[in-house]
Each structure stands twice: as C-alpha cells, then as structure tokens.
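In what follows, a structure is listed as structure tokens, so that the remarks can point back to it.
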Amino acid sequence: MTVTVRVPAKVNVQLAVGPARPDGFHDLANVFLAVGLYDEVTATPAEGLRITCAGPDAGQVPLDRTNLAARAALALAGRHGRTPDVHLHIAKDIPVAGGMAGGSADAAGALVACDTLWGTNASREELLDICAELGSDVPFSLVGGAALGTGRGELLRPLEVGGSFHWVFAVADGGLSTPAVYAEFDRLTSHVTVPGPAVSQDLLDALAKGDPAALAAAVSNDLQPAALSLFPKLTDTLAAGRSAGSLAALVSGSGPTTAFLVRDAESAREVAGALRASGTCRAVRVTEGPAPGATLL
Ligand code: C5P
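1319 is the number of the first residue of the sequence shown in the working numbering; add one for each residue after it.
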C-alpha cells in the first residue's frame, strides 16, 4: 500500500509580530493564505524510518530525524504505541528555507499519510495537536485555505475568501533561518516598545471581497525589515516586481522568497517576465491562492 498527500505552500498576507514572550516565541496576528505550489509526501511500509527527497532543491533537505516529516511520523507512532516503520518520499516543489512553510507542509503531509497508511485514525483535533507540537506553521499546512493564526501562529480561525488572488513569487539565491530573522527583529526593535499584534480589519474585508487592490493596500509583514537587514539584495527584487506593475510587493514570512500580488493572470505573466529578466532572483513562480490544505491523492 502507498499513500500520497499533497500539501500547499503559504504566504502571509499580514504578519504582525508582538514582543518576545518568556518562552522565546512571539505572539502573532498571522494571516495565512495557502497558495498553489505543492509538495507531495508519499508513505510506503518499510523496515524503520527512511526519508528521501526529489526536486530541484532536494540537496538542501535533511534526510535524518531532524526533518519535520520524520518528526511527524515519530510523533504519531509514539502516541499510538507503534514503531515508525515507514519510507517517506518528499516530491519537493516548494522553495526550501524560503518563508513559504515548505518544511511545515512536509510535516502535515507526512502526518496525514502515516495516519492513513497505519490506520491510526487520529481525530482532526489530535492531528492539529501534533501539528502544533511540530511547529507554529504546521497546523495551517494541514487546514489550508485562509486563516488567522494567533498565539505563536498555531491557534487558527478559518477566514472567508471571496475569490482567487494571483501571485508571483521570486525565489532568492540562498535561504534564511526563521529563528535568525526573529532574532534580528528583536535586535531592530530593542529600543522601542513593540505593541501587541492586531489583525487589520481592512485586510479581512479585502480577503472576504476577493478584491486584490484592497488586499494590496492592506498587506504587511513586520518581519520584512529584519529579513531585508539580513538579506539586503531582496530590496532589488522587491523594486523589480514593483516597477513591473505588481499591486503589492513583500517578503514572504521570514523570507527570503518575495511575493508579488497582481491583478490577474496577464499581469502575473508580465511581472514574472520582468522578474526573470531582472537577474535579481534564482527562479520565478506564478500561482493563485487560496489553495486547499493537506489532501489525500
Ligand atoms: O515554531 P517553529 O519551530 O516554526 O519556530 C521556529 C523559530 O521561529 C522559533 O524557535 C522561534 O525562534 C521563532 N518563532 C518565534 N515566534 C513565533 C514563531 C516562531 O519567535 N510565533
């Protein structure tokens, strides 16, 4: 028996970051939008736990027990008192270390794949619980669509979306570590009082209406100054996408992928062409969101 699960990437249309908490995490008002770039996780019975990965960035993916997909399998097996005898193969299309939750997607995919393969039949609640243990963005990879994440991002409220938004993503040459970007956020804000994070009502209204111009006016990412400080060349990528006619240009999550919201499919082609020609990024991807969460194929 073989089980394959498809899991989407995400962009944060609002990432409001509060002050560091005693546990080192930051409280967030995190508006996630799943987009149509996917990893596929395939689980097959094996002796022991084995991870393989294929795709253009596969060389950067750890194949040991630090891989979030491996940790998902171990967590589910541990809770159900069984051995994690599974081969997980990751067909990787989401940029690695890019701020698009690729590792979180693989964790959510592995969890659903193992649950199906093993017949452990975990409830939705238990799956979400394991996801939250694995990482702040993992619960959203499971549910997809659009959601407001509070707490450290793991407490989700589904959001209504009134249409499909067109996006262009520029994949940077290199990665950024999420903890390093949060540490830089702390350093850059060390002389000010960081307010508690609050979601923008204008942004929620724009999502509900499916209005790209209104969404563009409302997007924000509090981690962007920190990502730009660690990866200054992203400024050139953002400028290239802006001058090509994108409605909004922002760093995706902790970066270094940059995200460009555009009016329609035609504008997406123009902005993608201009970004490719700009020489300021390694690859360009065109897609739409919202996209569904982890789905059994
Ligand atoms: O939850 P996750 O393992 O993805 O978090 C990775 C790191 O990102 C954390 O160790 C922490 O440094 C930072 N982080 C944070 N606040 C959040 C989410 C992540 O400081 N809400």
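Each residue gets a CB set at the ideal place from its N, CA and C atoms; glycine is no exception. Nothing here was measured: the structure is a model prediction, and the numbers come from that model.
- Task: Grab me the residues of G1420's own chain with a C-beta within less than 8 angstroms of its C-beta, minus the 5 sequence neighbours each way, in chain order.
- Result: The count along the sequence shown starts at 1 and reaches residue 1420 at position 102. For G1420, where only same-chain residues beyond five positions count, the Cβ hits under 8 angstroms are A1327, D1357, K1410, I1412, P1413, V1414.
- Item | Bridge-paired residues (DSSP) for W1485 | The residue you call residue 1485 lines up with position 167 of the sequence shown. According to DSSP, W1485 bridges with L1579, T1605.
- Might you give, ordered along the chain, the residues of its own chain that have their beta carbon closer than 6 angstroms to the beta carbon of A1440, omitting 5 neighbours on each side? Here residue 1440 refers to the residue found at position 122 of the sequence shown. Correct list, in chain order: D1433.
- Query: In three-state DSSP terms, what is A1352?
  - Reply: In the sequence shown, the residue the question calls residue 1352 occupies position 34. Reduced to three states, the DSSP call for A1352 is strand.
- Thinking C-beta only, is F1350 closer than 8 angstroms to V1486? As a first step, residue 1486 must be located in the sequence shown, where it is residue number 168. As a first step, residue 1350 must be located in the sequence shown, where it is residue number 32. Result no, Cβ atoms of V1486 and F1350 do not sit closer than 8 angstroms.
- For A1567: DSSP bridge partner residues: In the sequence shown, the residue the question calls residue 1567 occupies position 249. Note: A1567 sits in a beta bridge opposite F1578.
- Segment limits, alpha helix (DSSP H) that includes C1449: Translated into positions along the sequence shown, residue 1449 becomes position 131. Unbroken alpha helix (DSSP H) run through C1449: 1442-1452.
- Task: With a threshold of 16 other CB atoms inside 10 Å of the CB of M1418, please say whether the residue is buried or exposed.
- Result: One-based indexing of the sequence shown puts residue 1418 at position 100. Burial call: buried.
- Out of curiosity, what's the CA-to-CA distance linking V1512 and T1496? Taking the sequence shown and counting its residues from 1, one reaches residue 1512 at position 194. Taking the sequence shown and counting its residues from 1, one reaches residue 1496 at position 178. Approximately 19 angstroms between the Cα atoms of the pair.
- Message: As a quick exercise: from Q1542, H1407, F1549, pick the residue whose alpha carbon is nearest that of R1368.
- Response: Along the sequence shown, read from residue 1 onward, the residue named residue 1368 stands at position 50. Of the candidates Q1542, H1407, F1549, the one whose C-alpha sits nearest the C-alpha of R1368 is H1407.
- Item | For P1543, three-class secondary structure by DSSP | Against the sequence shown, residue 1543 aligns to sequence position 225. It is helical.
- Item | Helix, strand or coil at K1551 according to DSSP, with G and I counted as helix | As a first step, residue 1551 must be located in the sequence shown, where it is residue number 233. Residue state, collapsed to three classes: coil.
- Message: Tell me whether P1497, by its Cβ, gets closer than 7 angstroms to a heavy atom of the ligand C5P.
- Response: Position 179 of the sequence shown, counted from the first residue, corresponds to residue 1497. Because some heavy atom of the ligand C5P lies under 7 angstroms away, the Cβ of P1497 counts as near it: yes.
- State yes or no: is the C-beta of C1449 within less than 8 angstroms of the C-beta of A1425? Here residue 1449 refers to the residue found at position 131 of the sequence shown. Here residue 1425 refers to the residue found at position 107 of the sequence shown. Yes. Within cutoff.
- Item | For V1430 and A1334, the rounded distance between their alpha carbons | Along the sequence shown, read from residue 1 onward, the residue named residue 1334 stands at position 16. Along the sequence shown, read from residue 1 onward, the residue named residue 1430 stands at position 112. Each residue's Cα considered, the two are about 30 angstroms apart.
- Query: What are the start and end residues of the beta strand (DSSP E) that includes K1527?
  - Reply: Within the sequence shown, residue 1527 is the residue found at index 209, counting from 1. Segment 1519-1527 is the alpha helix (DSSP H) holding K1527; no beta strand (DSSP E) there.
- Query: Do you know how far the Cα of G1396 is from the Cα of D1447?
  - Reply: Taking the first residue of the sequence shown as 1, we reach residue 1447 at position 129. Taking the first residue of the sequence shown as 1, we reach residue 1396 at position 78. C-alpha separation (whole angstroms): 14 angstroms.
- Which residues share a DSSP beta bridge with N1330? To locate residue 1330, count along the sequence shown from 1; it is residue 12. N1330 is bridged to F1350.
- What's the C-alpha gap between V1648 and L1522? With the chain covering 1319 to 1615 only, the question about residue 1648 has no answer from this structure.
- Short check: CB of A1352 to CB of P1530, under 8 angstroms? Along the sequence shown, one-based indexing puts residue 1352 at 34. Along the sequence shown, one-based indexing puts residue 1530 at 212. Result no, Cβ atoms of A1352 and P1530 do not sit closer than 8 angstroms.
- Item | At least three beta-carbon pairs within less than 8 angstroms, the region 1559-1578 to the region 1387-1403 | With a cut-off of 8 angstroms, the region 1387-1403 and the region 1559-1578 do not count as touching, because too few Cβ pairs lie within range.
- CB contact below 8 angstroms: L1546 versus chain B: Looking at the structure shown, chain B is missing, and only one protein chain is on hand.
- Message: For a minimum of 3 consecutive residues, which ranges assigned as the beta strand (DSSP E) are wholly contained in the region 1394-1471?
- Response: 1404-1409, 1464-1468
- From this set, H1398, D1582, D1540, G1514, which residue's C-alpha is nearest H1484's C-alpha? As a position in the sequence shown, residue 1484 is number 166, starting the count at 1. Comparing Cα-Cα distances from H1484 to each of H1398, D1582, D1540, G1514, the minimum goes to D1582.
- Query: How close, in whole Å, do the beta carbons of G1471 and D1455 come, if the pair is a contact with beta carbons under 8 angstroms?
  - Reply: Reading the sequence shown from its first residue, position 153 is the one you call residue 1471. Reading the sequence shown from its first residue, position 137 is the one you call residue 1455. With a Cβ gap of about 6 angstroms, G1471 and D1455 count as contacting.
- Query: What's the call for T1370, buried or exposed, on a 16-neighbour Cβ count within 10 Å?
  - Reply: Counting from 1 along the sequence shown, the entry for residue 1370 is found at position 52. Answer is exposed; the Cβ neighbour count stays below 16.
- Do the CB positions of N1330 and G1571 come within less than 8 angstroms of each other? Within the sequence shown, the letter at position 12 stands for residue 1330. Within the sequence shown, the letter at position 253 stands for residue 1571. Result yes, Cβ atoms of N1330 and G1571 sit closer than 8 angstroms.
- Are the beta-carbon atoms of A1338 and D1554 separated by less than 8 angstroms? Position 20 of the sequence shown, counted from the start, is the residue given in the question as residue 1338. Position 236 of the sequence shown, counted from the start, is the residue given in the question as residue 1554. Not closer than 8 angstroms, so no.
- Message: In this structure, how does DSSP classify A1372 when only helix, strand and coil are distinguished?
- Response: Locating residue 1372 in the sequence shown gives position 54, where the first residue counts as 1. In the three-state scheme derived from DSSP, where H, G and I count as helix and E and B as strand, A1372 is classed as strand.
- Local conformation of G1597 per DSSP, three classes: For the purposes of this step, residue 1597 is taken as residue 279 along the sequence shown, with counting starting at 1. Reduced to three states, the DSSP call for G1597 is coil.
- Item | Where L1614 falls: helix, strand or coil (DSSP) | Translated into the one-based positions of the sequence shown, residue 1614 becomes position 296. Strand at L1614.
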